[in-house]
Amino acid sequence: MNYGFTVKKPTHGRRTFAIHKKIYQKVGKPLQPQIKDERLNSINSNFLAGLLTEEQALIQVKLLVDTLRREAGLSQEKAHIRDQILKANYKTFEKLWERDYIGRDIVSPETAEREFLVAMKGIDPLPLASASKLELQKKVDAAWDSTGHKRYTTRVNSLLKFLGRPFILHRKKRPHKEVKFVTFEELQKILNHVESPELKALYITLFGTGMRLGEAFMIDSDSLKKNGSIYVSQQMDKNLKIRGLKNSKNHHTVLLDICKKGFEEWAAVEDKEEWRKCCQHPLINAARKSFKLAKKQISPHSLRHSYCIHLLGKGVPLDRVAKLIGDSIKTTEEYYAGYDMTTDEVSVVQKIIGQ
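Using numbering that gives the first Met the number 0, the first residue of the sequence shown is number 0, and each one after it goes up by one.
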């Protein structure tokens, strides 16, 4: 131990016993903070009440010091074991990072690194190499709610896979949250509050294709095929760097006819990158002005949701919508399962069954 305990007897200025923790430092005098312990308080109370003589109280205080020394030794041993586990877990992360992430084209490597560190903190003090699936599952379930659970559990699973562990941890399902979307008519009202023709064209394009914001900045005049489809394979990030798609899912989407004019206007814009960093807030602010009473919060990504819900309302199957936006069926169901029976689709069904 790099510290010890000292006992101070009652004096004319102090009527009770005191125990100080003597912490030795590399430079300077040792620190001596006073110990606060209920067991010491009890001894002092009995001493002040006359139930113990000073000699009897001193014996009990010294026995307490022996107990504190044992507890400190056990605590240090536990701390040492935990420190070894943390070092081993971090070493695993370093090896995984070096093998799979260094040199890889990641949109935000600092975010990925932070998520790994948060993931390892969440399972502390369990060792990745030997903890059981049940132990790890309990830890991740207790560490994060459904919002962060999926992200950080995925990172833990990456570390387990790297170590060759024969199991994966289950991720909590994201609770169904009502997505924010607009109809085309509502979008038109919002656009009345947008001054820039370029941004108006961009927002119509997002609504009409279901593209993510970065994907729309890769559009040019040759993007639209004769059959109305668009091949989506790249995106421009907020730092103007060209990257592959999220989840590497290249896909074809289909342009809505009602958005064709806006799409063509956006495709013709030559200096698209100039709008990449300033395209979020004009739409958000315009939506606030348009929906003052409803307080409808609309962002560029909301227009992707709007595209999907528009298609579902027209009777397009959910699995087909998933392909058009480059998402898995599972993810698409999580977001849009509650929107596949809109008024338009009910009308379609009624026509089919002859009502």
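All C-beta atoms, glycine included, are put in the ideal place defined by N, C-alpha and C.
What first and last residue would you give for the beta strand (DSSP E) that runs through residue i?
i    : result
S228 : 228 to 231
I22  : 17 to 22
Using only alpha-carbon positions, find the residue among the options that is nearest to residue i.
i    : options                : result
R154 : E112, I283, T146, S247 : E112
E114 : S145, T146, D140, Y151 : Y151
K358 : I257, K245, M235       : Missing from the structure shown is residue 358; the chain here goes from 0 to 354 and no further.
I189 : G102, Q33, Y230, A285  : A285
L212 : S195, L223, L57, L239  : L239
T52  : F216, I80, Y89, R14    : R14
A336 : M217, E177, N45        : E177
H309 : E269, V253, A130, A267 : V253
Y306 : P281, K132, E269, Y334 : Y334
S145 : P124, R170, L198, L125 : R170
T120 : G72, A142, S131        : Residue 120 is actually Lys in this sequence, not Thr. If we check each option's Cα against that of K120, A142 comes out closest.
I22  : A71, A87, I105         : A71
K86  : P124, R287, L57, H19   : P124
G209 : L282, R303, F166, F290 : R303
K248 : L223, K137, E214, D256 : E214
L147 : I167, V117, A130, P165 : Reading the sequence as shown, one finds Gly at residue 147 and not Leu. With distances taken between Cα atoms, G147 lies closest to V117.
R103 : G314, C258, Q279, R242 : R242
H19  : S41, R68, S44, R319    : R68
C277 : Y338, K259, L198       : L198
L39  : P196, E54, K28, Q59    : Q59
I167 : K288, L133, L317       : L133
R275 : K237, F290, L127       : K237
S157 : L317, K137, A128, T66  : A128
G312 : R98, R287, Y338        : Y338
Can you look up residue i in the DSSP assignment and give me helix, strand or coil?
i    : result
R242 : strand
V253 : strand
N328 : Before going on, a small fix: residue 328 reads as Ile here, not Asn. Residue state, collapsed to three classes: helix.
Q31  : coil
R14  : coil
L205 : helix
M0   : Bear in mind that a pLDDT of 45 at M0, under 50, signals an unreliable position, so the model cannot answer this.
Q354 : Since pLDDT at Q354 reaches only 46, below the 50 mark, its modelled position is unreliable, and the value read off the structure follows with that caveat. It is coil, neither helix nor strand.
Y335 : helix
S195 : coil
Grab the span of the alpha helix (DSSP H) containing residue i for me, first residue to last.
i    : result
K8   : It is not in any alpha helix (DSSP H) - K8 carries neither H nor E in the DSSP assignment.
N45  : 37 to 47
P299 : 299 to 312
I218 : No alpha helix (DSSP H) contains I218, which DSSP labels as neither H nor E.
F183 : 183 to 190
Under a CB-based cut-off of 8 Å, is residue i close to chain D?
i   : result
L62 : In the displayed structure, chain D is absent; only one protein chain is listed.
Cβ contact (3+ pairs, closer than 8 Å) linking the region 283 to 303 and the region 178 to 198: yes
Touch test, the region 148 to 163 against the region 82 to 101, Cβ-Cβ under 8 Å, three pairs minimum: yes
Contiguous alpha helix (DSSP H) assignments of at least 4 residues, all confined to the region 258 to 297: 259 to 266, 279 to 289
Contiguous alpha helix (DSSP H) assignments of at least 4 residues, all confined to the region 84 to 162: 108 to 122, 132 to 142, 145 to 161
contact_flag[the region 219 to 228, the region 193 to 204] where n(CB pairs < 8 Å) is 3 or more: Judged by Cβ distances under 8 Å, the region 219 to 228 makes no contact with the region 193 to 204, as fewer than three pairs qualify.
Segment contact, 8 Å Cβ cut-off, at least three pairs: the region 259 to 274 with the region 213 to 223: yes
The region 322 to 329 contacting the region 246 to 266, beta-carbon criterion three pairs below 8 Å: yes
Segment contact flag, the region 4 to 19 with the region 27 to 36, C-beta cutoff 8 Å, min 3 pairs: yes
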